[in-house]
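Structure record follows, encoded as structure tokens.
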Amino acid sequence: MKIITPGEGETFDIELEENLLAKNRELAEANRRRLDEKGVRAFDVMGAIGAGKTSLIGALIAHLRGRRVGVLAGDLTTTIDADRLAERGAAAVVQINTGKECHLDANVVAKGLDEVLQQGVEIIFIENVGNLICPAEFPLGSHSRVVVVSVTEGPYTMRKHPYILREASVLAINKSDLAPMMKVDLEQLRRDALAVNPTLQVIATDCLNGEGIEQVAAALGL
Ligand code: MG
Ligand code: ZN
């Protein structure tokens with residue numbers, strides 16, 4: 125079968141992209157320094173649309189009752205996720221609407237931090253825009269990155285999207301209750317993910333029923 129991939133230097137805006145990524149890394153390091161100075165732990169959550177990022181964060185907030193949790197919720201538009209997370213008991217919520225941008229970057233997160241850090245939070249969850257591709261290239265300054273994948277995305281997600289797993293420390297395989305119906309083998313997904321990043325902590329979750337939430341919190345040191 126014929127496979128076409130762009131060669132070295134053939135990608136249209138490669139130089140522009142390298143400058144952009146270097147700048148983003150600098151800003152991410154500044155975000156991290158700011159969080160560390162305040163003793164705040166931050167986690168960013170990445171995954172496809174509908175994988176369960178908001179549900180996972182909501183369940184974690186409920187599990188962490190009594191702690192002051194802030195959230196930055198990224199989406200192209202709407203405040204649906206921010207509203208849901210405020211309802212779950214987040215102490216401070218900021219909606220970041222990216223317009224046409226398909227990922228959060230460290231610059232927009234810095235602006236969100238201006239807001240939530242004023243509210244005296246001790247933990248921050250950053251929900252990225254639903255996308256398994258470019259968020260991988262844009263570190264935000266968080267202490268750990270979490271990937272959420274749902275079994276409804278099919279059996280090959282981890283093999284098709286290895287890059288998202290490289291910088292992650294936790295993988296939640298969500299909607300695990302639907303695995304038999306979707307004919308998806310949870311153990312195969314786990315093996316595929318570990319083949320990309322053997323240090324990943326892989327946890328099966330059912331966020332709507334609280335399944336696996338305690339394990340995710342423990343994996344994040346919460
Ligand atoms: Mg969401
Ligand atoms: Zn993007």
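Under the numbering used here, residues 125 to 346 are what the sequence shown spells out, in order. Even for Gly, the Cβ is constructed at its ideal location relative to N, Cα and C.
For residue i, the residue or residues it bridges with in DSSP
| i | result |
| --- | --- |
| glutamate 335 | Asp330 |
| aspartate 199 | Asn221 |
| valine 273 | Ile297 |
| aspartate 168 | Ile250, Arg269 |
| glycine 194 | Ala216, Ile248 |
| glutamine 325 | Val294 |
| asparagine 255 | Gly171 |
Rounded Cβ spacing between residue i and residue j (contact assumed at less than 8 Å)
| i | j | result |
| --- | --- | --- |
| alanine 296 | threonine 329 | 5 Å |
| threonine 289 | asparagine 321 | In the sequence on display, residue 289 carries leucine and not threonine. Yes, they are in contact, since the Cβ atoms of leucine 289 and asparagine 321 sit about 5 Å apart, within 8 Å. |
| valine 275 | leucine 302 | 5 Å |
| proline 279 | valine 253 | In fact, because the Cβ distance is near 24 Å, the residues do not count as touching under 8 Å. |
| glycine 194 | alanine 210 | That belief does not hold up - the Cβ atoms of glycine 194 and alanine 210 are roughly 11 Å apart, past 8 Å. |
| glutamate 153 | glycine 265 | 7 Å |
| alanine 183 | isoleucine 250 | The Cβ separation is near 16 Å, so there is no contact. |
| serine 293 | arginine 269 | 6 Å |
| glutamate 338 | serine 300 | Actually they do not touch by this definition, with Cβ atoms about 14 Å apart. |
| aspartate 205 | threonine 178 | 5 Å |
| histidine 227 | cysteine 258 | 5 Å |
Assigned exposure category for residue i - 16 Cβ within 10 Å defines buried
| i | result |
| --- | --- |
| proline 263 | buried |
| asparagine 298 | buried |
| alanine 175 | buried |
| aspartate 160 | exposed |
| aspartate 238 | exposed |
| glutamate 277 | buried |
| glycine 190 | exposed |
| isoleucine 327 | buried |
| methionine 305 | exposed |
| leucine 151 | buried |
Beta-carbon spacing of residue i, residue j below 8 Å
| i | j | result |
| --- | --- | --- |
| leucine 241 | lysine 162 | yes |
| cysteine 331 | leucine 180 | yes |
| isoleucine 247 | glycine 236 | no |
| valine 245 | valine 164 | yes |
| valine 233 | asparagine 143 | no |
| methionine 282 | leucine 310 | no |
| asparagine 148 | alanine 260 | no |
| leucine 188 | leucine 346 | yes |
| arginine 212 | isoleucine 185 | yes |
Near ligand 4: residue i beta-carbon under 7 Å from a heavy atom
| i | result |
| --- | --- |
| alanine 230 | This structure simply doesn't include ligand 4; it includes ligand 1 and ligand 2 instead. |
(message) Tell me which residues pass a beta-carbon proximity test against ligand 1: closer than 5 Å to any heavy atom, given in chain order.
(response) Lys177, Thr178, Asp205
(request) Starting from the N-terminal end, write out each residue whose C-beta falls within a distance shorter than 5 Å of any non-hydrogen atom of ligand 2. (result) Cys226, His227, Cys258
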